[in-house]
Amino acid sequence: MRKILTVLTGVLLSATLLVGCGTNATSGSSGNGGSGGVIKVGSNFELSGANATFGKSSVNGVDLAFEQQNAKGGVLGKKLQNVSADNKSDAGESTAAVTKLIGQDKVVAILGSYASTDTLAASQVATDNKIPLLSPTSTNVKVTVENGQVKPWIFRACFIDPFQGEVAAKFALNSLKAKTAAVFIDQKSDYSKGLAEAFINNFKKGNGTIVDTEQYVASSDKDFRATLTRAKSANPDYVFIPGYYQEVGLIVKQAREMGMKQPIMGGDGWDSPDLLKIAGADALNNTYFVNMVAIDDPAMASFVKDYKAKYNVEPDAMAALAYDAANMLIKAFETAGDTNGEKVRTALETMKGFKGLSGETNIDPKTHNPVKSAVIIEMKNGKNTFLTKVEPN
Numbered sequence: 002m003r004k005i006l007t008v009l010t011g012v013l014l015s016a017t018l019l020v021g022c023g024t025n026a027t028s029g030s031s032g033n034g035g036s037g038g039v040i041k042v043g044s045n046f047e048l049s050g051a052n053a054t055f056g057k058s059s060v061n062g063v064d065l066a067f068e069q070q071n072a073k074g075g076v077l078g079k080k081l082q083n084v085s086a087d088n089k090s091d092a093g094e095s096t097a098a099v100t101k102l103i104g105q106d107k108v109v110a111i112l113g114s115y116a117s118t119d120t121l122a123a124s125q126v127a128t129d130n131k132i133p134l135l136s137p138t139s140t141n142v143k144v145t146v147e148n149g150q151v152k153p154w155i156f157r158a159c160f161i162d163p164f165q166g167e168v169a170a171k172f173a174l175n176s177l178k179a180k181t182a183a184v185f186i187d188q189k190s191d192y193s194k195g196l197a198e199a200f201i202n203n204f205k206k207g208n209g210t211i212v213d214t215e216q217y218v219a220s221s222d223k224d225f226r227a228t229l230t231r232a233k234s235a236n237p238d239y240v241f242i243p244g245y246y247q248e249v250g251l252i253v254k255q256a257r258e259m260g261m262k263q264p265i266m267g268g269d270g271w272d273s274p275d276l277l278k279i280a281g282a283d284a285l286n287n288t289y290f291v292n293m294v295a296i297d298d299p300a301m302a303s304f305v306k307d308y309k310a311k312y313n314v315e316p317d318a319m320a321a322l323a324y325d326a327a328n329m330l331i332k333a334f335e336t337a338g339d340t341n342g343e344k345v346r347t348a349l350e351t352m353k354g355f356k357g358l359s360g361e362t363n364i365d366p367k368t369h370n371p372v373k374s375a376v377i378i379e380m381k382n383g384k385n386t387f388l389t390k391v392e393p394n
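With the sequence shown counted from 1, adding 1 to any position gets you my numbering.
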């Protein structure tokens, strides 16, 4: 009931925005950068709830990028301000958060969310109010394109699930020599469902066989022994779990306790230090995941040093992609020469040759997706170890 009321509240607030605050659709159009000496950018991330470690890393990445830019004099002669909202890892809360950022805080653009489900929930509010929204890490295809139509105000800084699923399937088939696989799918997550579909299609295309698929519900299911018993009886060569670290950690831990020694793999949703805390180092040996960057890549050294100096912790891929997304938005402001929504949207849509931590970004105007490489990380004795880099075809 709480979620239903939250969604309704968000919808009503959005309607109020459109009717009573029509000028907000072109926030920042008076002058060249919003009000006064500040450019307000909203960040809509998961600061509490199931994906809190990812949301906090993302906000840290944005704050670091803005701090560094402000030290250089800001943008368009103004300082950048990150106005942060917590969507509590909930789709309805994400809608409400973006509604508040646009209507009350008067931001000129939105960064976030981390999770595809939360970004999808917020995207209609941004679209209705003509505010550019750039997600650092939402990989589900529908985030930027739905029913064959690009969403004009929505962008992303990361690769998409079809590519990530293809990378995982080819690694399983070619490097691990797997002929059969079991797949665990979170039925609440657009990310998990989209990545599972991409993996299954590519694994079958490579003459692999899916011998078992299991479903679970994130945040509700904690004991996976019944589903693992079925998966174990199917005797797969390999297990694919395209989920987030909380449930992944429990599934891997319980699988190893039940004697399942197969290689286990997932996607970027694994990249949290909490995965190690939940599963344990021994259970995570012989596991792999596809990620957007490798923190031990020498090209990341300066960012890692600056991030550790500011936050006293190692960054993860979410921090790096949020840092990239923030700098992409800065570049769009500079190219547009303004913070007017339409001008910034055009600058993002036509962005070419942006060099970030995750490589060069060229936005495809037909999909609002960048063409990006992926990396495969192996877990060894509790440490993430860069294994290989995979370029898109």
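Backbone N, C-alpha and C fix where the C-beta goes; we use that ideal spot for every residue, glycine too. Predicted model only: the values in this text are computed from it and were never measured.
Residues sharing a beta bridge with residue i, DSSP
i                 : result
phenylalanine 387 : Ile378
aspartate 213     : Ala183
glutamine 150     : Glu147
threonine 288     : Ile265, Met380
alanine 86        : Asn45
leucine 229       : In DSSP, leucine 229 forms no bridge with anything.
leucine 135       : Leu112, Phe156
isoleucine 40     : Leu81
Proximity to residue i [Cα-Cα], best of the options
i              : options                        : result
leucine 1      : Pro137, Leu196, Glu94, Ser273  : Given a span of 2 to 394 for the chain in the structure shown, any question on residue 1 remains unanswerable.
valine 151     : Glu350, Ala323, Val249, Val184 : Glu350
serine 176     : Val305, Asn287, Lys356, Ala323 : Asn287
glutamine 263  : Leu276, Ser221, Ile242, Glu147 : Ile242
tyrosine 312   : Thr340, Pro133, Val63          : Val63
alanine 410    : Lys306, Arg346, Lys143, Val146 : Residue 410 lies beyond the range of the chain shown here (2 to 394); nothing can be said about it.
serine 49      : Lys367, Lys101, Ala116, Ala72  : Ala116
lysine 205     : Phe225, Thr96, Ala183, Tyr217  : Ala183
valine 446     : Gln69, Gln247, Arg257          : No information on residue 446 is available, as it lies outside the stretch 2 to 394 that the chain covers here.
asparagine 370 : Glu361, Val294, Ala66          : Glu361
isoleucine 364 : Lys57, Arg157, Gly149          : Arg157
proline 366    : Ala92, Ser190, Ile155          : Ile155
lysine 344     : Asn88, Lys332, Gly354          : Lys332
cysteine 159   : Met293, Ala337, Lys233         : Met293
glycine 209    : Asp191, Gln247, Glu167         : Glu167
glutamine 247  : Asp162, Asp119, Asp275         : Asp275
glutamate 47   : Ala123, Val391, Gly75          : Ala123
lysine 57      : Phe172, Ala323, Ala310         : Ala323
Residue i - containing beta strand (DSSP E), residue span
i           : result
glycine 195 : Note, glycine 195: premise wrong, no beta strand (DSSP E); alpha helix (DSSP H) at 191 to 206.
Rounded Cβ spacing between residue i and residue j (contact assumed at less than 8 angstroms)
i                : j              : result
serine 90        : asparagine 52  : 4 angstroms
glutamine 82     : isoleucine 40  : 7 angstroms
isoleucine 103   : asparagine 141 : About 22 angstroms; that fails the 8 angstroms criterion.
glutamine 329    : leucine 135    : It should be noted that the sequence gives methionine, not glutamine, for residue 329. The Cβ separation is near 6 angstroms, so the contact holds.
valine 42        : valine 99      : Rounded, the Cβ-Cβ distance is 12 angstroms, inconsistent with contact.
phenylalanine 55 : serine 273     : 6 angstroms
lysine 233       : methionine 259 : 6 angstroms
leucine 229      : glutamine 188  : That belief does not hold up - the Cβ atoms of leucine 229 and glutamine 188 are roughly 17 angstroms apart, past 8 angstroms.
proline 153      : arginine 346   : 7 angstroms
Alpha helix (DSSP H) segment containing residue i, residue limits
i                 : result
phenylalanine 304 : 302 to 312
isoleucine 279    : 274 to 280
valine 240        : Note, valine 240: premise wrong, no alpha helix (DSSP H); beta strand (DSSP E) at 239 to 241.
aspartate 224     : That residue, aspartate 224, is in no alpha helix (DSSP H); it is neither H nor E in DSSP.
isoleucine 252    : 246 to 258
valine 168        : 162 to 171
Residue i Cβ short of 7 angstroms to the ligand GTP heavy atom set
i             : result
threonine 100 : What this structure holds is no ligand at all, so the ligand GTP is not there to describe.
- prompt: Where in the region 63 to 132 do unbroken runs of the beta strand (DSSP E), each at least 3 residues long, occur, reported from the N-terminal end onward?
  reply: 80 to 87, 111 to 113
field: Any beta strand (DSSP E) of 3 or more consecutive residues that is wholly inside the region 318 to 376
entry: Those beta strand (DSSP E) runs which fall completely within the region 318 to 376 and span 3+ residues are 355 to 357, 360 to 362.
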